[in-house]
Amino acid sequence: MTLRVLHPVPAPASGAGAEGHVAAELGTVVEADTDEGRARLRELYAPPAADWLRLNLITAVSGDAAGEDGTSDTLSNADDRAVLAAIRDLADGVLVGAASVRAEGYRVPRSAQLVVLTASGDLSGHRMDPERADRVVVVCPAAAVDRVTETLGPDVAARAAVLVVDDDDGQVAMATLVDRLRSHGLRSLVCEGGPSLAGQLLHDGLVDELCLSTSPVVIGSGLPVFGRERFDPSRLSLSQLMMDDQSALYARWLVADGPATRR
Ligand SMILES: NC(=O)c1ccc[n+]([C@@H]2O[C@H](COP(=O)([O-])OP(=O)(O)OC[C@H]3O[C@@H](n4cnc5c(N)ncnc54)[C@H](OP(=O)(O)O)[C@@H]3O)[C@@H](O)[C@H]2O)c1
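Numbering of the sequence shown is given in my numbering, commencing with residue 1124 and proceeding in unit increments.
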């Protein structure tokens, strides 16, 4: 498990207040299966501001978000999981759409809160540990609350927070979602998908950064990594790039006019 930095993180200008940004020299090697390597990954992925919304997804070279099993599991590897863990550790909230919970059986992260957005309330197939359920947040319209309680199961539902938000025929506006999470104390957010949710956040200009893993495979799984809806382009700049010893790439792309730049 060796990650090599191919494009360095720029050192912040002194006094610029870009908390958490570290410089990494070109060629720096990170052994992601050691404590030192895991700590280094947390430094390398530190968000530059307290209020920050990043996407973290994995794509095949073909732009697909799922491998041959219909989930992202078969695109991922141990290095990708180490990067994912570091990004989760740095977040207050890990946000996912309910279809990803149903497809991938999401677990509660070790420190961040798990936030699930659903219109239907169907969270069946989840693998949330009741011991960690005080860090589960479900965001849904009022009409979905009963189904959320039913599909979470009594042990998880008893401790989870259900945030009821305004909707338009079941659909929650992305700005409403983000505002509600920030007022719930979740300032640093990472959305892990799926593509439909990630695409909506991009569409609405709410994303500060894309953390994108590229799996060295071409596949026609038919699930575009940022969804099927059209949205206007956002200009990106590459702030970091790493490669592992299986040719997978790990990029940090900053959104040039993301929300943090407008605050
Ligand atoms: N490559 C990756 O990094 C990655 C990451 C995650 C998932 N995946 C894969 O992606 C697939 C799932 O992604 P997906 O794009 O189909 O779905 P998704 O984004 O995970 O979830 C979509 C669901 O989220 C809820 N939702 C989304 N927007 C909403 C809104 N505006 N208001 C209310 N609820 C909303 C709805 O839940 P309800 O249906 O409950 O109403 C909707 O059906 C799976 O195959 C999964 O394995 C890949």
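All C-beta atoms in this analysis are idealised placements derived from N, C-alpha and C, irrespective of residue type, glycine included.
What distance in whole Å lies between the Cβ atoms of residue j and residue i, which are believed to be in contact at a cut-off of 8 Å?
i, j, result
"A1313", "R1177", "What sits at residue 1313 in the sequence shown is Val, not Ala. About 5 Å; that satisfies the 8 Å criterion."
"M1124", "A1201", "5 Å"
"R1270", "G1244", "3 Å"
"L1198", "G1190", "5 Å"
"L1286", "R1303", "6 Å"
"E1154", "G1160", "4 Å"
"Y1168", "A1209", "5 Å"
Mind checking whether residue i and residue j have CB atoms under 8 Å apart?
i, j, result
"A1235", "D1203", "no"
"V1239", "E1315", "no"
"V1217", "L1237", "yes"
"T1151", "V1128", "yes"
"I1342", "D1187", "yes"
"L1346", "S1362", "no"
"V1231", "R1258", "yes"
"V1288", "L1275", "no"
"D1192", "A1383", "no"
"G1293", "A1321", "no"
"V1348", "T1182", "yes"
"S1311", "P1170", "yes"
"D1327", "M1297", "yes"
"V1268", "H1249", "no"
"A1222", "S1319", "yes"
"L1359", "M1366", "no"
Check whether the Cβ of residue i sits closer than 7 Å to any heavy atom of ligand 2, and report yes or no.
i, result
"I1181", "Summarising the ligand content, the structure contains ligand 1 and does not contain ligand 2."
Could you check if residue i is buried or exposed, using at least 16 other CB atoms within 10 Å of its CB as the buried criterion?
i, result
"R1375", "buried"
"G1138", "Bear in mind that a pLDDT of 43 at G1138, under 50, signals an unreliable position, so the number given afterwards is only what the model happens to contain. Counting Cβ neighbours within 10 Å, G1138 comes out exposed, since fewer than 16 surround it."
"E1142", "Because E1142 carries a pLDDT of 45, less than 50, the predicted location of this residue cannot be relied on, and no value is offered for it."
"A1379", "exposed"
"G1140", "With a pLDDT of only 42 at G1140, under 50, the local geometry of the prediction cannot be trusted, and the value read off the model is given with reservation. When all chains shown are included, G1140 counts as exposed."
"I1277", "Note on identity: in this sequence residue 1277 is Pro, with Ile being the wrong assignment. It is exposed - the Cβ of P1277 has fewer than 16 other Cβ atoms within 10 Å."
"T1241", "buried"
"Q1323", "buried"
"G1317", "buried"
"S1370", "exposed"
"L1126", "buried"
"A1280", "buried"
"P1356", "exposed"
"D1156", "exposed"
"L1149", "exposed"
"G1308", "exposed"
"S1306", "exposed"
"G1080", "A question about residue 1080 goes unanswered here, because the residues of the chain that appear run from 1124 up to 1386."
Answer with yes or no whether the minimum CB distance from residue i to chain B is below 8 Å.
i, result
"L1333", "The chain labelled as chain B is not found in the depicted structure, where only one protein chain is given."
### Length-filtered (3 minimum) beta strand (DSSP E) runs lying within the segment 1188-1245
Assignment of beta strand (DSSP E) within the segment 1188-1245, counting only whole runs of 3 or more residues, yields 1216-1220, 1236-1240 in chain order.
### Query
Between the segment 1323-1341 and the segment 1257-1264, do three or more beta carbon pairs fall short of 8 Å?
Output reads no: the segment 1257-1264 does not touch the segment 1323-1341.
### Task
Return the chain-ordered ranges of every alpha helix (DSSP H) run that is complete within the segment 1301-1353 and spans a minimum of 4 residues.
Fully contained in the segment 1301-1353 are the following alpha helix (DSSP H) runs of length 4 or more, in chain order: 1318-1326.
### Query
Which runs of the beta strand (DSSP E) spanning at least 3 residues fall entirely within the segment 1244-1309, listed in chain order?
Correct list: 1259-1263, 1284-1287.
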